[in-house]
């Protein structure tokens, strides 16, 4: 999948009141900060000339809007920059904004400080002037406060950069649905027109027969090579290996993977959905194919769940380069021991190996639904550690993002459950978390991640202008219910 280069534009505000020498110093200091950020953040940081009047601000904002490479804009007022000069530009800016409240020097030079120093280093009130206008205009933005060398500050900027990089990836992204969503299911349906208007990605349906044709066109040599790759990368069950009695099923699975990949590449898709109810022309429900494509970065949703497919793609982009992994997931069943209630997460087949604790095994077992041949899938336990589940739902007039922080534990042995699985404790506790999730309308399908954080998803909600409900260690059910009532008014 080709990706657009990601640039973050570093924009500094000042004015001509303090003279040209001051402006030259402002530019020099801004270049130093931009360079330092560029050496740290997961994007190219581009220094832009210091802005000192409304015409320059307007021009910069229009330039950002028209630049495919510009994913977001960092604003900083090095001196006092009168905010009215920013109205014309900011009211037209369509790129995500981070207001970075910093100053060039960390410490005050107590022995030498004078009014020249004070005039040069005025972010303390220059950024407050800017913040007032941003609030007055209703600008969605992230505010990061602190010195530009502070590691905690850099972590906040890193989180925002990852989200705007993923948001940029959503713009113009295409998601393919093979068939429709599972019949009679509510939460996997939704308004694809409103989603494209709100988020920038499109979702369209394609006949499973077209996919089947792509699968049939796969070269036998490519199938054999991919089967060899399976045996190199995974622990393949003896029956599926070359010469085994079920090797033909592994070949079918490989052919399906190659056919789906070819279809997605030809259409420049960034994610897809399948459903077990619509498998015309396929020998088995795609299992290992979906798992491997997710591991490569494609979004996926089972049973036609296009919202989760899009969210998964975005969260994979956020987590690029971070440890942990991100997968499609479903809350499947519970362990209701009152001392330690747990959620067993799994799906029929489609859990991403990026979250596996150990090398997956490749196995074949009956599925029981779908009416097709036994599907090949990777089987593994998900790793233990902190993570979260996220669900993007359509409430009709608006979208809501529901997030629950969890603590994954090592699953118990399950010799009769041949699927990939995760096991977790909900924050703050099982009863509060599950009740809050249900009150919020969260789906049973989620994007499950060890690398994406609450902060990332809050930044996403701000950029997308959507509601977010977070269930974490501090959650009280009465507060969640009140928040939902207030949000119903605010986001109506």
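In my numbering, the protein residues as written are 313 to 804. Each residue gets a CB set at the ideal place from its N, CA and C atoms; glycine is no exception. Keep in mind that this is a model prediction, so the values were computed, not measured.
Linking residue 548 to residue 355 through their CA atoms gives a straight-line distance of about 39 angstroms. Annotation: the segment 655 to 708 contains the following complete segments of the beta strand (DSSP E) (minimum length 3 residues), in chain order: 673 to 676, 688 to 691, 697 to 706. Residues of the same chain with a CB within less than 6 angstroms of the CB of residue 595, apart from the 5 flanking positions on each side, are 564, 685 in chain order. Annotation note: the segment 375 to 402 contains the following uninterrupted beta strand (DSSP E) runs of length 3 or greater, listed N- to C-terminal: 382 to 389. The DSSP assignment places 583 to 586, 611 to 614 as complete runs of the beta strand (DSSP E) inside the segment 549 to 623, in order along the chain (cut-off: 3 residues).
The residue among 644, 545, 525, 682 with its C-alpha nearest the C-alpha of residue 654 is 644. Note on residue 538: 16 or more other CB atoms within 10 angstroms of its CB, so buried under the neighbour-count rule. The Cβ-Cβ distance between residue 587 and residue 611 does not fall below 8 angstroms. Counting every other CB atom within 10 Å of its CB across the protein chains shown gives residue 440 a total below 16, marking it as exposed.
Unbroken beta strand (DSSP E) stretches of 3 residues or longer found wholly inside the segment 753 to 789: 757 to 761, 779 to 783, given in chain order. Boundaries around residue 446 are those of the alpha helix (DSSP H), 435 to 449, since no beta strand (DSSP E) includes it. Distance from the Cα of residue 590 is smallest, within the candidate group 409, 722, 434, 518, for 518. Here residue 530 carries a coil assignment [DSSP, helix/strand/coil].
If one requires a minimum length of 4 residues, the alpha helix (DSSP H) runs lying completely within the segment 489 to 527 are 504 to 511, in chain order. Between residue 640 and residue 720, the beta carbon gap of about 15 angstroms keeps them out of contact (Cβ cut-off 8 angstroms). Secondary structure note for residue 469: its alpha helix (DSSP H) is the uninterrupted segment 463 to 482.
In this structure, DSSP gives residue 407 a state outside helix and strand, which the three-state scheme calls coil. Here DSSP, grouped into helix, strand and coil, assigns residue 335 to helix.
With a cutoff of 8 angstroms on beta-carbon distance, residue 431 and residue 500 are scored as not near each other.
Between the segment 470 to 482 and the segment 374 to 387 there are three or more C-beta pairs closer than 8 angstroms, enough to call the two in contact. Judged by DSSP in its simplified three-state form, residue 326 adopts coil rather than helix or strand.
From the listed residues 471, 715, 766, the smallest Cα separation to residue 754 is found for 715. In terms of Cβ geometry, residue 697 and residue 666 do not form a close pair [threshold 8 angstroms]. For the pair residue 691 and residue 676, the CB atoms are not nearer than the 8 angstroms cut-off. Nearest to residue 316 by alpha-carbon distance, out of 642, 450, 630, 483, is 483.
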